[in-house]
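These protein sequence lines map, in sequence, to chains A and B. Using the working numbering, you'd call the opening residue of the first sequence number 1 and step up by one each time. Using the working numbering, you'd call the opening residue of the second sequence number 1 and step up by one each time. All residues carry an ideal CB built from backbone N, CA and C; glycine is no exception.
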Amino acid sequence: MAINLNSFLEDYFTAHHCEILSNQDGVLKVQLNEKMDRALMNRPFYWHYIKKMGRDGDPMPLTLITNQDSLEEQGERIHFGSPRLQQILNHLKEHERYTRLFEVVHANENTALHPWLVVNIKISYIGKLKKDEVFSIGLNLINGIMKTEMMDSLLDKDFQAQISDYCYTITPLIKLKSGYNRIFSVINQYIHDTEHEWAKESLEELETEVDLLKHFYEGDRDEDLDQMEKELQDLNERYKPKIQLKVINGGIFYLSTK
Amino acid sequence: MKNIDIIHETSFIDTLEEKLDQDGPFSSWELFKMAYDAELTTITKDFHGLRALEFLPHMNFLPHQIETAKQAIEEMNGRAILADEVGLGKTIEAGLILKEYMIRGLVKKILILVPASLVNQWVKELNEKFFIPAATFRKHYPWDQYDIIVTSIDTAKRSPHREAILDINYDLILIDEAHKIKNHKTKNYEFVRALKKKYCLLLTATPVQNQLIEIFNLVSILKPGHLGNYESFLEKYGRDRKKINQDVYLKQLVQKVMVRNTRKDTMLDNAKRHIETVWVDFTPEEYEVYNELDRTFQPFSSFSKITFLRELCSSREACFLSLQKFANDEENQGREVLLPIIDKIGQLPHHAKALRVVELIKQIGDEKVIIFTEYRASQLYLQWYLQQHGITSVPFRGGFKRGKKDWMKQLFKDKAQVLIATEAGGEGINLQFCNYMINYDLPWNPMRLEQRIGRIHRYGQEKDVYIYNFAIRHTLEEHIMKLLYEKIALFEKVIGHLDDILAELNIDSFEGEVKAIMNESSSTGEVKIKLDNLASIIQHTHQNTFQEESHYGN
Chain A
1 MAINLNSFLE
11 DYFTAHHCEI
21 LSNQDGVLKV
31 QLNEKMDRAL
41 MNRPFYWHYI
51 KKMGRDGDPM
61 PLTLITNQDS
71 LEEQGERIHF
81 GSPRLQQILN
91 HLKEHERYTR
101 LFEVVHANEN
111 TALHPWLVVN
121 IKISYIGKLK
131 KDEVFSIGLN
141 LINGIMKTEM
151 MDSLLDKDFQ
161 AQISDYCYTI
171 TPLIKLKSGY
181 NRIFSVINQY
191 IHDTEHEWAK
201 ESLEELETEV
211 DLLKHFYEGD
221 RDEDLDQMEK
231 ELQDLNERYK
241 PKIQLKVING
251 GIFYLSTK
Chain B
1 MKNIDIIHET
11 SFIDTLEEKL
21 DQDGPFSSWE
31 LFKMAYDAEL
41 TTITKDFHGL
51 RALEFLPHMN
61 FLPHQIETAK
71 QAIEEMNGRA
81 ILADEVGLGK
91 TIEAGLILKE
101 YMIRGLVKKI
111 LILVPASLVN
121 QWVKELNEKF
131 FIPAATFRKH
141 YPWDQYDIIV
151 TSIDTAKRSP
161 HREAILDINY
171 DLILIDEAHK
181 IKNHKTKNYE
191 FVRALKKKYC
201 LLLTATPVQN
211 QLIEIFNLVS
221 ILKPGHLGNY
231 ESFLEKYGRD
241 RKKINQDVYL
251 KQLVQKVMVR
261 NTRKDTMLDN
271 AKRHIETVWV
281 DFTPEEYEVY
291 NELDRTFQPF
301 SSFSKITFLR
311 ELCSSREACF
321 LSLQKFANDE
331 ENQGREVLLP
341 IIDKIGQLPH
351 HAKALRVVEL
361 IKQIGDEKVI
371 IFTEYRASQL
381 YLQWYLQQHG
391 ITSVPFRGGF
401 KRGKKDWMKQ
411 LFKDKAQVLI
421 ATEAGGEGIN
431 LQFCNYMINY
441 DLPWNPMRLE
451 QRIGRIHRYG
461 QEKDVYIYNF
471 AIRHTLEEHI
481 MKLLYEKIAL
491 FEKVIGHLDD
501 ILAELNIDSF
511 EGEVKAIMNE
521 SSSTGEVKIK
531 LDNLASIIQH
541 THQNTFQEES
551 HYGN
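The structure is reproduced here in structure tokens:
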């Protein structure tokens, strides 16, 4: 896993305003708040009931053990692939899709911030087998400059939801939608220029199996042909190559011009 | 390029625009970054390899299991027959394949069809070992609401379930004990063919049993046409199943859709088997009753005689009860002569085998022991007798409900030293935490003994296993032991093929065959000769038919 799980989790709960009770030797104890209890603890009836009673309710504490050698017994062992982590990752992916952020600038004179459209995109290649590729692309909505690996270049900056003192934003010259389309025409060009050996292989396999199937049903009665039709569909489903484009997340970032 | 569908989800930019208009809500920088990282850690960068392994760090997969999962996915494109020998972990391989497809996002809707008695075990293993949220079917809950469901084929094929299931586009269908659907004329077969499915896994330990046409049928579920169509196949290969070994081309074709690992080529023999015959002598009183029973029964039908003698070799109780039942049945003429024997049995001391069992368990020490017996009366007796000697035990029977079985297994694991099981109880429970087994009496079908041993000598067993086979000298148990078990050297090589061999010889039931020999023979000498013949013919058939078997499947 590309991330340090323990600090990832601490950051996650801190960002959701949960109190970290302790974090030692890979044992993280956190007091959930109502929002996170509802998101993670899967007890809708409790919350329904308690709210009906007109009470606040008691969010649960949660102990997550990332250190697999820990002797701690009270708590959940959490690791890559464990249901709890999957739940947290899915919660992130579902809820953190849209943003608008301003670079934190410590300025004492007027500073202009340029709007950038940042889109993180997952391309899935699906045929016999499947693989994914991720692109992070930023487009300056003033001058049309485009950058790849955008997220990496944002990592050493700080952002907040409000604009810093002495800063002002410049109104975009490129409309949001046409900016978005520019980004995707680059992606489409990239897909177009790439050799898709995997798709060729999948189509070949599809053809071979369709031939076998037709041979299998040769000379059969009509009612069997329904069955063949169904199996042809199954084959298409399994082998027909496709490319799926999905936006992981994205938004507008106001960046200083330095 | 022109043949590739490009699917572009477009709602993102509209929603972003809306949010900008409404001034939020927006993600904070921290959470936005984390969501991106979350995606980066879960994407699949390569077409090849098993990502599932990173997701399941608590599992110790064996090399052949990983290899099999890869092969099923990468070479067989998700449609395969998994035909490992019993105990090598077909369930594990299947779970790994499911997990991999789920991680890659290729599979969401899964239907798992298994024998009714194994439903709960499948659900448990998938959830606990693979974190795959499989559920059992509950009444009044619509089929299309389940993503991953485990059920029996008998439930699934019944109306109205059948119609509901056939309507669903499943991404993956898994069928355990798939040899049960090998016949293309059955409703089960037709049902499985009609399912809408992308990927399909068929699990079986006995892939080719009777006829070559059965392998044709199984393959035709996965890949119709792979072996030609029905007519052309029959024409070319007929119904003779030997040909699969002779026809290299056919064998290769089958290898493209089937993986078969054997104990031998997986070197799973880390945990070795130590099999020991424990000879027990009856006390003189017991021999006297045994011989008297043998003599007395000449006028009665020999079938019951064999049964009673077998029971006496197991426990007084087993024999006593059924003799009494026989004597009380007024249709049995001359039954009065039995009364003195019944009386004598009632007065016998404790059974010689039971004494030996206690001795042996004390010798084994604190280890867990599983005892198999053929009779319920013996099971009860043993439980009581062990208790008298301060040995704790729990019973286990086929008739127990699943919940009770699990409970007994847990009691055995945590509290009791001994589990006493009857035959039917042996199916489908896994007791790898135990490595001592006493076969208090031997089944007359060696396949069943193998299944018993398979309960403890299986994937996950880390210690050597010790098997003690009990037999009483100078009784019919001696014949069974010497002529069936020792002679055939079953544990060496024949055992995995026994079903096939019997099919080859047109023997329906091994046990029936042995019983018939016992019944129809008028002397011990005759029994010996006939059993000897049976053993020889099995050995002979095995040598002729299965020399090449190891090359079959890959």
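Output yes if chain B places a C-beta closer than 8 Å to the C-beta of residue i; else output no.
{"i": "K147 (chain A)", "result": "no"}
{"i": "I142 (chain A)", "result": "no"}
{"i": "K240 (chain A)", "result": "yes"}
{"i": "P83 (chain A)", "result": "yes"}
{"i": "Q227 (chain A)", "result": "yes"}
{"i": "I65 (chain A)", "result": "no"}
{"i": "V105 (chain A)", "result": "no"}
{"i": "K35 (chain A)", "result": "no"}
Give a yes or no on whether 8 Å exceeds the smallest Cβ distance from residue i to chain A.
{"i": "L483 (chain B)", "result": "no"}
{"i": "I4 (chain B)", "result": "yes"}
{"i": "T15 (chain B)", "result": "yes"}
{"i": "H8 (chain B)", "result": "yes"}
{"i": "M258 (chain B)", "result": "no"}
{"i": "G225 (chain B)", "result": "yes"}
{"i": "D46 (chain B)", "result": "yes"}
{"i": "T41 (chain B)", "result": "yes"}
{"i": "E574 (chain B)", "result": "Absent from the structure is residue 574 (chain B), since the part of chain B shown begins at 1 and ends at 554."}
{"i": "L31 (chain B)", "result": "yes"}
{"i": "S27 (chain B)", "result": "yes"}
{"i": "N183 (chain B)", "result": "no"}
{"i": "L56 (chain B)", "result": "yes"}
{"i": "D37 (chain B)", "result": "yes"}
{"i": "F400 (chain B)", "result": "no"}
{"i": "R162 (chain B)", "result": "no"}
{"i": "M34 (chain B)", "result": "yes"}
For residue i, write down the residues that DSSP places opposite it in a beta bridge.
{"i": "I148 (chain B)", "result": "B:I110"}
{"i": "N439 (chain B)", "result": "B:F372 and B:N469"}
{"i": "L64 (chain A)", "result": "A:L28 and A:E76"}
{"i": "Y98 (chain A)", "result": "A:G250"}
{"i": "P115 (chain A)", "result": "A:Y254"}
{"i": "C167 (chain A)", "result": "A:T111"}
{"i": "N140 (chain A)", "result": "A:W116"}
{"i": "E19 (chain A)", "result": "A:Q31"}
{"i": "M146 (chain A)", "result": "A:L139"}
{"i": "A516 (chain B)", "result": "A516 (chain B) pairs with nothing; no bridge assigned."}
{"i": "F55 (chain B)", "result": "None; F55 (chain B) has no bridge partner."}
Are residue i and residue j closer than 8 Å when you measure CB to CB?
{"i": "L203 (chain B)", "j": "D176 (chain B)", "result": "yes"}
{"i": "I517 (chain B)", "j": "V527 (chain B)", "result": "yes"}
{"i": "Y166 (chain A)", "j": "A112 (chain A)", "result": "no"}
{"i": "H457 (chain B)", "j": "G87 (chain B)", "result": "yes"}
{"i": "T373 (chain B)", "j": "Y440 (chain B)", "result": "yes"}
{"i": "M642 (chain B)", "j": "E229 (chain A)", "result": "Shown here, chain B extends from 1 to 554; a query on residue 642 (chain B) therefore has no answer."}
{"i": "A135 (chain B)", "j": "W122 (chain B)", "result": "no"}
{"i": "I165 (chain B)", "j": "A199 (chain A)", "result": "no"}
{"i": "G57 (chain A)", "j": "W47 (chain A)", "result": "yes"}
{"i": "Q324 (chain B)", "j": "K368 (chain B)", "result": "no"}
{"i": "N435 (chain B)", "j": "V278 (chain B)", "result": "no"}
Which residues in the same chain have their Cβ closer than 8 Å to the Cβ of residue i, if we skip the five residues on either side of it in sequence?
{"i": "L5 (chain A)", "result": "T66, I78, H79, F80 and L85"}
{"i": "L172 (chain B)", "result": "G78, L98, Y101, V107, K109, I110, L111, K197, K198, Y199, C200 and L201"}
{"i": "L129 (chain A)", "result": "W198"}
{"i": "L338 (chain B)", "result": "T296, L323, F326 and A327"}
In chain order, what residues of the same chain lie with their CB nearer than 7 Å to the CB of residue i, ignoring the 5 residues before and after it?
{"i": "L225 (chain A)", "result": "Y217"}
{"i": "L232 (chain A)", "result": "V210 and L213"}
{"i": "D37 (chain A)", "result": "P59 and M60"}
{"i": "P172 (chain A)", "result": "P115, L141 and I142"}
Please list, in chain order, all residues of the same chain as residue i whose beta carbon is under 6 Å from its beta carbon, the five residues on each side excluded.
{"i": "I181 (chain B)", "result": "N188, Y189 and V192"}
{"i": "W116 (chain A)", "result": "G138, N140, F253 and L255"}
{"i": "A39 (chain A)", "result": "H91"}
If you scan the segment 175-257 of chain B from start to end, which runs of the alpha helix (DSSP H) of 4 or more residues do you find wholly inside it? 187-194, 212-222, 230-237, 243-246 and 248-255
Write down every uninterrupted run of the beta strand (DSSP E) in the segment 61-124 of chain B whose length is 3 residues or greater and which is fully enclosed by it, in chain order.
79-82 and 110-113
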